[in-house]
Structure formats: C-alpha cells, structure tokens
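Here is the structure we will look at, set down as structure tokens.
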Amino acid sequence: MPLLREQLDTPVPVVLAPTGMIPTKAMTPHVPISPAEIADDVSSAVSFGISAVHLHARDDDGVPTWNRDVYADIITRIRERHPELVINVSTSGRHFSELEKRADVLALDGDIKPEVASLTMSSLNFLDGASLNSPETIRALATIMRDRGIVPELEIFDLGMVNFAHVLQREGILIGDFPANIFVGNIAGIQATPAEFGLAIDRLPPRAHWSGAGLGDAQVTATMMAIAAGGGVRVGLEDGIYLDHRRDQLATNSALVERVHRAVDVAGRRVMSPAEYRTVVLGR
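All residue numbers for the sequence shown refer to the numbering used here, where the first residue is 1 and numbers rise by one.
Printed below as a string of structure tokens:
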C-alpha cells in the first residue's frame, strides 16, 4: 500500500489551542481567558470532536501566567466534564525564560497531571518579540518530561528545530512516540508553501507524529495542506483570531474546529478520538 494511502487511512489528530499568550479581549471578545471560559470553549469544541487540548493560563488580569495553580483550576474544570480528553500544557518561553517558571506546570500530579507538554526546539523571533529557548533549557524541560512520564509535543518553526529534535533523540532525552507541530507563516520561519512544509515533514525524526499549524493568515492553508498530506491539525484562537485571510470575520474556537471537520470530511478521513490519540500519537 502506498505510504500516502496509509496516512490518509489514519484518523486526523485535532488539537485545539484555545487561548495562547497573545490574543486579548480587546483584540477579540471570543478568546477564552478565565478558567471557566476556557473550560466552556473546550466543551464546545469537544461537541464537534477533538483529540486533545493545548492550554495556556492567564491570571485574573488576563496576563499570561506560569502558575501551576491556575493550570490546576483549568484542568480540573475540563477533566470534570471530559475525563477522556488529552491535556497538553504550555512550557513556552515567549513571556518567561526561567526554567523554574516554565517547568512549574510539569509538577502537577494525580488526576490533573498533564499527559503532554509543549517543547519549543530553539529560540525564535516573532514580529513583536522573541521566544527564548536555550539548548540547556530545552534539554532540562525535556528531561523533566521524560522522567515524569509527560510526552513532549515538539513545536517546530524552522528546519534548525527539526535538526535539534534529532540531537535530543540521539542523546536519549527524547524517547518513544511524540507529536510534532510544524508551524508555518511566521516571518522568521517556515512559510506556508508546499515545498517548505513538505521539507520539514520529510526531515522529522523517527516516531514523530506531525500536525500542521498555521499562524495568522496561514491557518487555513496549514489545515488544508496537513489534512490532504495525511497529517494532523492544530487549530485555535492562539494561532489566529480571524476565519480567513480577508480578516473580515472574527473566529471562535468552535467555528475553527467545525471547519476542520468539514475539511476532514472532504478528504474522506475522520477525526481521531482521544483514546486513539493516546495509542497512535503518544504510544500508550
């Protein structure tokens, strides 16, 4: 059986990224900020069907926070409604570079322990700032995840980040199966073209299960290319607040997930359940 046929026969992992660090209520009233709002948005997305949710926490003023107690509140609310959903938390360096802050959420345990955590594979520039990720910090976060049984979700914005993933595998820090998001559309990274997208996919290390993620105007393109090429999809207001490149309609997380489902149907595929995500993508 041709490889593409095998990929297209695989259900589509769909990961919702509802909040992020950048969108504010001033930018869009639809972005969920409080734990209650995030849990409500996740429930709406679950009604359509998602495999996992990628969480960022905000404090009472809507400012990004690393505090594990806020994450605990969000996760508890989601677990009470959807115990089957895969929970993925952020260790982003976009607002905090200190290891102890970024790793704080990884200390959660019991029913609110995250199964997956993001791991950005290098420092990078956005139009409005930088995300700082030194090799030492990346290795330290990955080691904590490995030792705690939390699967790293690689965040890949350029080909150098793909190379570093191979390094971590050789060093025994990155083990087993893991998800990898290929972000396209950032001015300092991979662009939303078939050639650049395809090269990043081709160079991924063994046991990576990739998804397409488009920033801003590239969100639709990334979704369509990923579904057509046999991959998964990351989608949500974290990555773009508009429905399309014309920017004439603000999106909601539910509308973005619903559109993914329409594209999946057109491709003759189906969305992966959380249980399948654990088995296929996380190797559990």
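Note that beta-carbon positions come from the ideal geometry of N, C-alpha and C, so glycine has one too.
One or two residues paired with residue i in a DSSP bridge
i	result
ASP152	Sequence inspection shows Pro at residue 152; the Asp mentioned does not correspond to that position. Answer is ALA117.
PRO18	None; PRO18 has no bridge partner.
ALA208	PHE178
GLY110	For GLY110, which the question treats as bridged, DSSP gives no partner whatsoever.
ARG234	VAL15
VAL271	VAL12
Which of helix, strand or coil DSSP assigns to residue i
i	result
THR10	coil
GLY129	strand
LEU124	strand
ALA180	strand
HIS54	strand
VAL63	coil
MET1	Below a pLDDT of 50, predicted positions are generally treated as unreliable, and MET1, at 42, falls in that range; the measurement from the model is reported next regardless. It is coil, neither helix nor strand.
GLY160	helix
ARG77	helix
PRO82	Before going further, note that residue 82 is His rather than Pro in the sequence given. HIS82 falls in the coil class under three-state DSSP.
ALA218	helix
ALA213	strand
THR279	helix
VAL167	helix
ARG139	helix
ILE227	helix
Pair within 8 Å by beta-carbon distance, residue i and residue j
i	j	result
LEU237	PRO23	yes
GLU153	PHE183	no
ILE144	ALA103	yes
PRO13	MET224	no
ARG5	ILE33	no
LEU243	ALA226	no
ALA17	ARG234	yes
VAL105	TRP66	yes
Limits of the unbroken alpha helix (DSSP H) element including residue i
i	result
ASN253	253 to 266
SER43	35 to 48
ASP202	194 to 202
First through last residue of the beta strand (DSSP E) which encompasses residue i
i	result
ILE87	86 to 89
HIS245	Neither: HIS245 is in no beta strand (DSSP E) and is coded neither H nor E.
GLU94	In the sequence under discussion, the amino acid at residue 94 is Arg, which differs from the Glu named in the question. ARG94 -> no beta strand (DSSP E), and no H or E assigned at all.
Chain D contact for residue i (CB, 8 Å cutoff)
i	result
ARG203	Included in the structure is just one protein chain, with no chain D present.
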